[in-house]
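For the sequence shown, this note's numbering gives the first residue as 2, with consecutive numbering after it. From the three backbone atoms N, C-alpha and C, an ideal C-beta is built for every residue, glycine too. Just so we're clear, the structure is a prediction, and the values are computed from it rather than from any experiment.
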Amino acid sequence: MAEVLEILGPFHLIFPTSEVRLYVRMLRKCIRSRDSFMGSLVHAHVIKCGFNSDLLVSNVLLDMYAKAGTLVGCDKLFDEMPERDLISWCTLISGFVNHGFDLEAFLIFRRMCSGSLKPNRFVISSVLKACGGSRILELGLLVHGIVIKSGLFVDRFVEVGFVDMYAKCGDVESALKLFYEIPIKSPVAWNAMISGFVQNGYFIEGAKLCRDMCRVGLFMDLVTLRIVANIAAVLEMFEFCKNLHDYAIKVGLSTDSFVVAELVKLLTNVGEVEYMGKLFSLVKRPETSLYSLVISGYHLHGYREEAVKLAEALLSLDPNLREGDSVAVLNLCLSKGEIMQLHARLFKARQFSYLSVSNTLISLYSKIGEMADAGEIFREMPANDAISWTTIMAGYVQNLQFGKALDTLRAFRKTGIQLDQYCIATIINTCTGLQDISKGKQIHSLVIILGLAFSDFITASLVHMYAKCGFIEVAAKLFSCALSPQNIVLKNIMLSGYCWNSQPEKAVLLFFRECQSGLVPDQFTYSTALNACADVRAKEAGEQIHCRVAKSGFESSDVIVGNAIINLYMKCGCLANACKFFYSMKSCNTNSYAMLMLGYIQNRCSSEALQLFSRMQQSGLRANPVAFARLLRGCADLSAIDLGKQVHASIIKMGMVSDVYIDNALVGMYAKSAVRDEALETSEELSMKDDQVCDLIDNEFSQAEETENNLKAFGLFTLQEVEQNHGCNEDITNHNSSVTSKIFETFLPVTVIRRNLKFNSSAVNIMNKVNDDCMIEENNVFDKILAKEVVLKNSTGLECAGNERASVNFFNIMQEDSVISDQILLVVFFVIAILRCSRKLTV
2 MAEVLEILGP
12 FHLIFPTSEV
22 RLYVRMLRKC
32 IRSRDSFMGS
42 LVHAHVIKCG
52 FNSDLLVSNV
62 LLDMYAKAGT
72 LVGCDKLFDE
82 MPERDLISWC
92 TLISGFVNHG
102 FDLEAFLIFR
112 RMCSGSLKPN
122 RFVISSVLKA
132 CGGSRILELG
142 LLVHGIVIKS
152 GLFVDRFVEV
162 GFVDMYAKCG
172 DVESALKLFY
182 EIPIKSPVAW
192 NAMISGFVQN
202 GYFIEGAKLC
212 RDMCRVGLFM
222 DLVTLRIVAN
232 IAAVLEMFEF
242 CKNLHDYAIK
252 VGLSTDSFVV
262 AELVKLLTNV
272 GEVEYMGKLF
282 SLVKRPETSL
292 YSLVISGYHL
302 HGYREEAVKL
312 AEALLSLDPN
322 LREGDSVAVL
332 NLCLSKGEIM
342 QLHARLFKAR
352 QFSYLSVSNT
362 LISLYSKIGE
372 MADAGEIFRE
382 MPANDAISWT
392 TIMAGYVQNL
402 QFGKALDTLR
412 AFRKTGIQLD
422 QYCIATIINT
432 CTGLQDISKG
442 KQIHSLVIIL
452 GLAFSDFITA
462 SLVHMYAKCG
472 FIEVAAKLFS
482 CALSPQNIVL
492 KNIMLSGYCW
502 NSQPEKAVLL
512 FFRECQSGLV
522 PDQFTYSTAL
532 NACADVRAKE
542 AGEQIHCRVA
552 KSGFESSDVI
562 VGNAIINLYM
572 KCGCLANACK
582 FFYSMKSCNT
592 NSYAMLMLGY
602 IQNRCSSEAL
612 QLFSRMQQSG
622 LRANPVAFAR
632 LLRGCADLSA
642 IDLGKQVHAS
652 IIKMGMVSDV
662 YIDNALVGMY
672 AKSAVRDEAL
682 ETSEELSMKD
692 DQVCDLIDNE
702 FSQAEETENN
712 LKAFGLFTLQ
722 EVEQNHGCNE
732 DITNHNSSVT
742 SKIFETFLPV
752 TVIRRNLKFN
762 SSAVNIMNKV
772 NDDCMIEENN
782 VFDKILAKEV
792 VLKNSTGLEC
802 AGNERASVNF
812 FNIMQEDSVI
822 SDQILLVVFF
832 VIAILRCSRK
842 LTV
């Protein structure tokens with residue numbers, strides 16, 4: 002093109018007319034190729050040759066600058082034109098409209114109307130598009146009046162433009178009225194009205210209008226199919242989606258990426274993953290956006306293998322992914338190696354300018370606990386938005402680094418970026434994790450200052466914080482002042498808050514009160530209410546909730562609700578009902594088996610518990626450490642040692658022997674089983690007050706039923722301190738302390754019930770022998786444990802509290818192993834030291 006321009010220079014005086022047409026063709030070629038630079042060179046030659054005053058050349062130049070987006074140059078050229086016609090005005094107006102400058106386009110239209118020229122249908126259609134884009138109905142009404150005066154209302158372009166304008170401005174009633182007044186409706190008019198319904202949320206009406214369009218004999222084109230596919234996706238109408246796909250196949254539009262993309266969205270929402278894969282395979286050349294949608298659909302429903310295969314195909318197809326495609330592939334990463342490989346690929350492609358890509362990487366590194374890498378990415382980002390700050394703070398909260406989260410908030414506030422509700426909710430969760438009500442109140446004040454106090458999202462976070470921190474009255478007050486009475490998340494948090502604060506009866510009352518006011522519970526609501534009924538032994542209320550669960554369908558579809566029903570019947574003593582429901586469940590997990598096994602153990606049905614454990618192993622389910630620890634504690638407390646040994650064997654096979662919680666439960670189980678057997682044998686050898694001795698043993702091995710109800714995974718038993726008459730031998734007291742700490746495995750110092758008993762010397766020696774034998778067996782179990790955790794050391798240290806010399810030796814061993822004592826054990830050692838000093842002073 003440049004060489005052609007050089008040749009044309011000397012001939013501008015010889016062939017002036019033909020040269021004008023040649024310049025026009027060259028400019029139109031620049032428009033088609035979107036080459037604004039070459040167009041500016043042609044413009045320079047036009048000025049040099051003196052053709053800038055030609056109206057045709059000026060209009061083509063105006064069109065070239067308008068389509069290239071150079072609106073400043075376009076406006077300047079328009080002002081310098083000596084003569085303007087309707088094409089000039091229409092070109093300038095459409096250029097501003099196409100680039101989103103709707104109000105500027107309307108002002109240009111006003112300038113045109115103030116002159117002698119009258120607008121034609123093309124100008125009016127562009128102005129109506131500007132009015133619809135601005136969403137200002139009053140501007141559209143002004144244009145409507147001008148059109149009626151000019152007599153252009155019968156034109157089909159203008160009619161469709163008015164339908165589209167009124168729909169975009171939200172006046173669907175006027176749009177529908179104008180649509181029905183069109184005598185001969187073209188497919189464009191139908192598409193405009195259907196699209197208007199969709200834009201304003203009238204999806205059912207849009208689907209009905211599409212049906213009417215087919216009834217009058219018109220075929221849906223590509224635009225109509227895309228709109229209707231969007232309707233099907235929003236309404237989640239799977240059968241309608243299949244019919245729409247069949248129609249697309251008939252008209253030859255089934256392979257269009259946009260149509261398939263809308264159908265993929267629908268199939269993802271309804272969970273039809275296999276049909277989604279078949280639909281995707283029909284597209285010969287899918288776009289990268291379609292790849293991303295299908296990858297996200299597979300990933301959402303757990304089809305990771307298929308998602309990874311598609312991601313590999315996408316990476317081989319286009320190494321330089323777009324922003325959304327990169328995020329979809331990143332979300333598939335699970336391990337650090339996968340994240341780092343994709344991280345390196347994105348680094349080579351220089352895609353860190355995308356905020357969403359960097360934010361996704363921060364979130365991924367946070368999930369695997371690599372906060373150092375997440376912080377480095379955050380610091381190296383060219384710019385941080387509110388999402389970036391919220392993501393890094395959420396990562397610190399997830400990894401229990403609450404102090405760093407607060408420091409990040411302080412730095413965030415210095416940037417001047419407005420805090421949103423998600424950032425505030427993250428900081429509220431930080432205060433919840435710290436159990437710092439003082440900072441929580443400060444954040445609450447900040448919420449009020451920012452005007453976010455009426456957000457249900459923030460209110461739910463505040464209620465959760467106050468409930469977790471023990472301020473249940475404040476949480477209840479916030480809950481009662483919430484603006485959305487039917488917010489199910491807020492109600493679930495309030496129900497859980499009562500249970501956290503040992504007020505399950507209030508949770509039960511709240512559940513029934515909300516149900517009377519129209520609450521539609523979900524599975525979390527039912528499980529919380531059922532557990533609250535179990536805690537207060539409210540069998541009748543629990544049975545009523547069970548009936549509601551059966552009607553709602555969660556009884557067979559949700560395992561968590563099913564486990565809550567088993568827990569209810571077990572704690573209410575209805576073993577038969579619990580067994581009946583368990584065997585009627587369609588799907589069970591390890592917690593289901595563990596709950597029923599504990600119920601069997603509590604009812605002295607060890608053989609049934611053994612059979613159930615064997616059935617769990619045969620089903621292929623693997624119990625987690627929480628379930629194993631609960632079983633071991635139950636076996637120890639109720640002397641089901643055979644089941645405990647079988648569970649121990651399974652633990653060894655699964656390689657969980659190094660788990661600290663399981664190890665602690667094993668120590669307690671073997672210790673308590675040995676103590677109980679020896680204690681029962683000893684009671685027969687005592688010469689006097691046998692009934693009192695047996696009562697003592699039963700008291701030591703009895704379970705605190707009320708406090709056991711509040712146990713979660715590893716709840717601690719506590720004893721009520723009861724002081725009676727003194728006069729018991731000191732060795733007997735030490736023995737009771739040791740045995741009681743073995744029984745209840747508590748990290749709290751236990752005050753043993755002192756009995757006014759008189760034992761002879763042989764009885765004292767026998768009891769001390771039982772204590773020594775128990776210590777030997779427990780230490781043997783302890784030596785086999787791999788993990789030297791503080792919990793286990795402290796537990797054994799409390800067992801040694803009855804023997805001063807053993808306590809001192811054990812404390813020295815802990816120092817050699819660099820094990821840090823907890824506060825309770827330090828108190829025990831300190832008391833022993835004071836006793837030894839007091840005895841020396843007495844002597």
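Less than 7 angstroms between the beta carbons of residue i and residue j, yes or no?
{"i": "alanine 249", "j": "serine 293", "result": "no"}
{"i": "leucine 87", "j": "leucine 63", "result": "no"}
{"i": "methionine 571", "j": "glycine 600", "result": "yes"}
{"i": "threonine 460", "j": "threonine 427", "result": "no"}
{"i": "cysteine 534", "j": "leucine 576", "result": "no"}
{"i": "phenylalanine 512", "j": "methionine 495", "result": "no"}
{"i": "alanine 565", "j": "serine 607", "result": "no"}
{"i": "threonine 361", "j": "aspartate 319", "result": "no"}
{"i": "glycine 396", "j": "serine 367", "result": "yes"}
{"i": "isoleucine 663", "j": "phenylalanine 629", "result": "yes"}
{"i": "leucine 129", "j": "methionine 166", "result": "yes"}
{"i": "proline 287", "j": "serine 317", "result": "no"}
{"i": "valine 562", "j": "glutamine 524", "result": "yes"}
{"i": "isoleucine 32", "j": "lysine 68", "result": "yes"}
{"i": "aspartate 386", "j": "leucine 365", "result": "no"}
{"i": "cysteine 91", "j": "leucine 138", "result": "no"}
{"i": "valine 398", "j": "asparagine 430", "result": "yes"}
{"i": "leucine 56", "j": "glutamate 81", "result": "no"}
{"i": "isoleucine 185", "j": "leucine 153", "result": "no"}
{"i": "valine 47", "j": "valine 58", "result": "yes"}
{"i": "asparagine 400", "j": "methionine 382", "result": "no"}
{"i": "alanine 193", "j": "valine 164", "result": "yes"}
{"i": "phenylalanine 107", "j": "alanine 131", "result": "yes"}
{"i": "histidine 100", "j": "glycine 74", "result": "no"}
{"i": "histidine 321", "j": "alanine 345", "result": "Just to set this straight, residue 321 is asparagine in the shown sequence, not histidine. The answer is no: Cβ separation not under 7 angstroms."}
Since residue i and residue j are thought to touch, with beta carbons under 8 angstroms apart, how far apart are those beta carbons, to the nearest angstrom?
{"i": "alanine 530", "j": "glycine 498", "result": "Not a contact, Cβ separation roughly 13 angstroms."}
{"i": "isoleucine 232", "j": "glycine 253", "result": "Contact doesn't hold; Cβ gap of about 21 angstroms is too wide."}
{"i": "alanine 312", "j": "leucine 280", "result": "Contact flag wrong, Cβ pair sits at about 18 angstroms."}
{"i": "isoleucine 183", "j": "glutamate 160", "result": "5 angstroms"}
{"i": "leucine 632", "j": "methionine 586", "result": "Not confirmed; about 19 angstroms, so no contact."}
{"i": "serine 95", "j": "serine 127", "result": "5 angstroms"}
{"i": "leucine 622", "j": "tyrosine 594", "result": "7 angstroms"}
{"i": "tryptophan 191", "j": "leucine 223", "result": "Between leucine 223 and tryptophan 191 the Cβ distance is about 13 angstroms, and since that is not below 8 angstroms, they are no contact."}
{"i": "serine 327", "j": "leucine 347", "result": "6 angstroms"}
{"i": "cysteine 432", "j": "methionine 466", "result": "6 angstroms"}
{"i": "phenylalanine 97", "j": "leucine 72", "result": "6 angstroms"}
{"i": "alanine 483", "j": "valine 509", "result": "At roughly 20 angstroms, the Cβ-Cβ gap does not stay under 8 angstroms, so alanine 483 and valine 509 are not in contact."}
- Contained alpha helix (DSSP H) runs [length at least 4] in the segment 339-415, N- to C-terminal order: 356-368, 372-381, 387-399 and 403-415
- Task: Only counting runs of 4 or more residues, tell me where the alpha helix (DSSP H) segments fall wholly within the segment 128-206, in order along the chain.
- Result: 138-151, 157-169, 173-182 and 188-200
- Count the C-beta pairs between the segment 265-273 and the segment 285-303 that are closer than 8 angstroms, then say yes if the count reaches three, no if not. Taking 8 angstroms as the limit for Cβ pairs, the verdict is that the segment 285-303 does touch the segment 265-273.
- Message: If contact is defined by three or more beta carbon pairs under 8 angstroms, each pair taking one atom from either stretch, is the segment 449-458 in contact with the segment 409-418?
- Response: no
- Query: At a cut of 8 angstroms, does the segment 190-205 reach the segment 217-234 through at least three beta carbon pairs?
  - Reply: Verdict: yes, contact present.
- Item | Those runs of the alpha helix (DSSP H) which lie wholly inside the segment 520-585 and span at least 4 residues | 524-536, 540-553, 555-558, 560-572 and 576-585
- Task: Only counting runs of 4 or more residues, tell me where the alpha helix (DSSP H) segments fall wholly within the segment 215-295, in order along the chain.
- Result: 223-236, 239-251, 258-271 and 274-282
- Query: In the segment 597-628, which residue ranges form an unbroken alpha helix (DSSP H) of at least 4 residues, counting only runs that do not cross its ends?
  - Reply: 607-619
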